[in-house]
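Position 298 (the sequence shown) corresponds to 635 in the numbering used here; numbering is contiguous. We put the beta carbon where it would ideally sit given N, CA and C, even for glycine. On a predicted model such as this, the values are computed, not experimentally measured, just so you know.
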Amino acid sequence: MAPAFSKGRGNKRPSSTSYTSTVTTLVFVALCVFGVWMVASNSMVSSPKRATITTHTAIDNTEEELLESVTNTNNNNDNPDESSDQTVNNNQDDSSDGITKSEESESNENGSSDNNNSDDGALLSSTQNEASSESNENGSSDNDNNNQIKASQKDEENQEQSTSMESQNNNVDTGGSESQEQSSLGNDEQENEKQLREDKGENDDSTQEAEKPKAEKKRKKPSKQEEAKGDDDNNNDLEWHLCNVTAGFDFIPCLDNEKYLKYSHRKHYEHRERHCPEDAPTCLVPLPNGYKEHIPWPSSRDKIWYHNIPHTKLAEVKGHQNWVKLTGEFLTFPGGGTQFIHGALHYIDFLQKAEAGIAWGKHTRVILDVGCGVGSFGGYLFERDVIAMSFAPKDEHEAQVQFALERGIPALSAVMGTQRLQFPGRVFDLVHCARCRVPWHEDGGLLLLELNRVLRPGGFFVWSATPVYQTLKEDVEIWKQMSALTKAMCWELVTIKNDTLNQVGAAFFRKPVSNECYEQREENEPPMCKDDDDPNAAWYVPLQACLHKLPGEKSERGAEWPEAWPERLHKAPYWLSDSQVGIFGKPLPQDFVEEDQRWKDVIDELSNNGVSWSNIRNVMDMRAVYGGFAAALRDLQLWVFNVVNIDSPDTLPIIYERGLIGIYHDWCESFSTYPRTYDLLHADQLFSKLKNRCKLAPVIVEVDRIVRPGGSLVVRDESNAISEVESLLKSLHWEVTLSKDQEGVLFAKKGYWRPTSFVSVF
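So this is what it looks like as structure tokens:
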């Protein structure tokens, strides 16, 4: 029996020696009765894993307390005059607050022990007995609770004792009959008995907690990993809300940061650049009223549902240029643009005839379309086997990029402002600007030099704008400045051609393929970039008004033009060296080939798990390596946006060399796209890596924002990451299944569920 009362020893001392002689006379009787009770009840008081028995009789409790009182008396005769309400802790004196041992145990569970649930006030009272029980078992307690908590707990215990006395006839608690025994004792004896009950955890809360299943207790105690992630535990209990923001159902967190926009600078379009909230939002974007499943490609190139993007401003101001028109319940796209009112296909053919070296779909495969409008230029280039990375800002031309994506055309919300575009250097075969309203000639050519950074050596810059073909004073002055700037950049003006049908003109500039021109310039203006300025660095990197040197060795990337399309898709680039180690640990060229082979069976695998390719158009590979996943889908009527994470090896140049498109990104932040713009997201070994850097809940919310209703997410990852993602998706009412053929593969489909309550983001 000694271990059962060992924690009570030294915690409470009687106030007089007379109490010792009185109790000694009863000890032998108490020992006998107590022994009989222990055998009969088959319950050891010392076992902290067992629930406290709640049906003791009055004599059972009295005799046990008398025995324990004698034990305490014998151990504390050296301090007979110490105050009866003083509590002595094994490690420190806490007499000023009179905190009981069970309170200290609770402090250990809810206060400083691993910081479990330190902010959860509701949990504090519901786990008192559990904390006390575990503290008894471990033989230690924590004394970090502050005085306010101690006082509050003391008041609660007094209330519990009162409630216990009122319900004594119902035998619900262990103190029901003790109150009668206490009435015949002095105040000191009552205090002793109260202390004993508290030491043993015998109160209403302990009884209720004892009756709770162990599984429920374990659920309340998060693991250390869950503690570190905070909001990531108990994902099934997350309460979701809709985002209450001005942008409504068009919300892009890093572009609609109202807190920043209120005070942002606008001269260089800083207000259109990425400025993410300090805390990634965990609210959900609402659906537009009347939203319908998107129209599949290729029909979507010509029309979309009006209610999916209920904006009419572009139809009103650009309708005469055949950008977009409102036709009944549809928004229709005649294929026109400001510079090609009579259709994009005619304009595309005009450019090809003007400069045969373009060779759409052979020599030229990957292009950058600046200020893309609704994306018609890129949309019709698919017929020429060309893929365009189109972008435009989220500005007064409302939803232009959203229109492009809804149509099934690659597009990104971005602006040429003060920071580099999120692409590597020397990757685009051609850069196109048709009245893109970018002031190329200003600020020392800062923005045009950014195009020079991303343009492949020998690539074309096609500029179709009024300064090329009109003679207004302003246009003439701009052309004069552009001519001087491009000459200083060593761009060759190849030709200028006019389109008689559209009554526009286009200038064709070509970037040099060597450093010879740079070295022969009379003036070093624009200057050459410093040697330590990496042209591939593009994540929040400020623009520099300088020229990067071109490759000097034939083995360097950019020294030669890639293989003609489509041969370049599956062939390892010439500049991959056997001396370089790939991501999967083998020589880089071999790594490339094996990763390419890995995805050969991807179509069958996804088809067998419910992916309907006829409804898939916009695809994103959230963690692309060499682009093998996108390459495997090449023969389908879809396109893949490859995302290379900023903390991963830089493989994005390889992806572009293959004739594919992609971008740098950090998934701990929001992506620069409108809500409901992708049909399929693919994440290979992404979430297990993200868990070390940020919480997964906001990332899954971002996935929910990007994916269209009816769209899918495919996750290949470690089991713990799969489990957490599964839990989050189910809480968002996604339909989730795990692959029966392979381990660690999750398939999820988004529905139309949205919560009804709103929460403000800013």
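Residue i - partner residues in DSSP beta bridges
i	result
C580	V1096
N835	G842
C770	V707 and W800
M957	F978 and L1018
T664	F667
T701	W697
L792	F765
P1046	Its beta-bridge partners do not exist; DSSP assigns none.
W748	The question names Trp, yet the displayed sequence has Ala at residue 748. Answer is S727, bridged to A748.
I920	Looking at the DSSP assignment, I920 forms no beta bridge with any residue, so it has no partner.
Q322	Outside the displayed span of the chain (338 to 1099) sits residue 322, for which this structure offers no information.
H1002	N982
L830	F846
V1052	A1020 and L1083
L621	L579
L884	M865
Span of the alpha helix (DSSP H) around residue i
i	result
W816	K810 to A825
Y597	E595 to L598
S713	S713 to L718
G302	The chain is shown only over 338 to 1099; residue 302 falls outside these bounds and no answer can be derived.
I685	A681 to A691
R905	E904 to H907
I991	L989 to E994
K650	K650 to K655
R1091	Where R1091 is concerned, there is no enclosing alpha helix (DSSP H), given that its DSSP letter is neither H nor E.
F1008	Run containing F1008: none; DSSP gives neither H nor E here.
Cβ shell of residue i (< 7 Å), same chain only, five flanking positions each side left out
i	result
Y597	H612
W777	L784, L785 and M819
Q881	C866 and D870
H907	D933 and A968
G762	R790, V791, P872, N873 and H885
Y877	Q756
G1088	P1046, H1070, W1071 and E1072
N- and C-terminal bounds of the beta strand (DSSP E) containing residue i
i	result
S727	I724 to A729
E1072	E1072 to L1075
I1043	Where I1043 is concerned, there is no enclosing beta strand (DSSP E), although the alpha helix (DSSP H) it sits in stretches over L1033 to I1043.
F1084	V1082 to K1086
K1026	First-last for K1026: F1024 to L1027, but that is the alpha helix (DSSP H), not the beta strand (DSSP E).
K640	K640 to W642
Contact set for residue i: own chain, Cβ-Cβ below 6 Å, skip 5 residues either direction
i	result
K1172	Nothing in the structure corresponds to residue 1172, since the chain is present only between 338 and 1099.
V1082	R1053 and S1076
W634	G745, R954 and Q974
L522	Residue confidence for L522 is low, a pLDDT of 37 falling below 50, so the modelled location carries little weight; the figure read from the coordinates is stated next. Same-chain partners within the cutoff: there are none.
E281	Any question about residue 281 goes unanswered here, given that the chain covers just 338 to 1099.
K1067	V1073
V707	C770 and C773
K662	A652, G656 and T669
W816	P804
D1021	R960 and R1053
V939	A969
For residue j and residue i, believed in contact at Cβ under 8 Å, the rounded distance
i	j	result
P1092	W577	5 Å
C827	C854	4 Å
W902	K1032	In fact, because the Cβ distance is near 41 Å, the residues do not count as touching under 8 Å.
L788	F797	Not really, about 11 Å apart at Cβ, beyond 8 Å.
G716	H605	At roughly 30 Å, the Cβ-Cβ gap does not stay under 8 Å, so G716 and H605 are not in contact.
N581	V918	No, N581 and V918 are not in contact; Cβ-Cβ is about 49 Å, not under 8 Å.
W976	I724	6 Å
P794	G694	With a Cβ gap of about 14 Å, P794 and G694 do not count as contacting.
P730	S750	7 Å
Q658	G674	7 Å
F845	N946	So it is not a contact: roughly 47 Å between Cβ atoms.
F667	W697	No, F667 and W697 are not in contact; Cβ-Cβ is about 30 Å, not under 8 Å.
Spatial neighbours of residue i in its chain, beta-carbon cut-off 8 Å, leaving aside the 5 residues before and after
i	result
G996	R702, V703, I724, P899, W902, P903, R905 and L906
Y600	none
E553	Confidence at E553 is low in this model, with a pLDDT of 36, below 50, so the placement of that residue is unreliable and no value is reported for it.
The ligand NAD heavy atom lying under 7 Å from the CB of residue i
i	result
V622	By its list of ligands, the structure shown contains no ligand whatsoever, and the ligand NAD lies outside what it can speak to.
Hey, is the stretch 998-1010 in contact with the stretch 1025-1045, meaning 3+ C-beta pairs nearer than 8 Å? yes
The stretch 620-637 / the stretch 675-691 touching (three or more Cβ pairs under 8 Å): no
Tell me whether the stretch 970-989 and the stretch 856-866 touch, counting them as touching only if at least three CB pairs, one residue from each stretch, are closer than 8 Å. no
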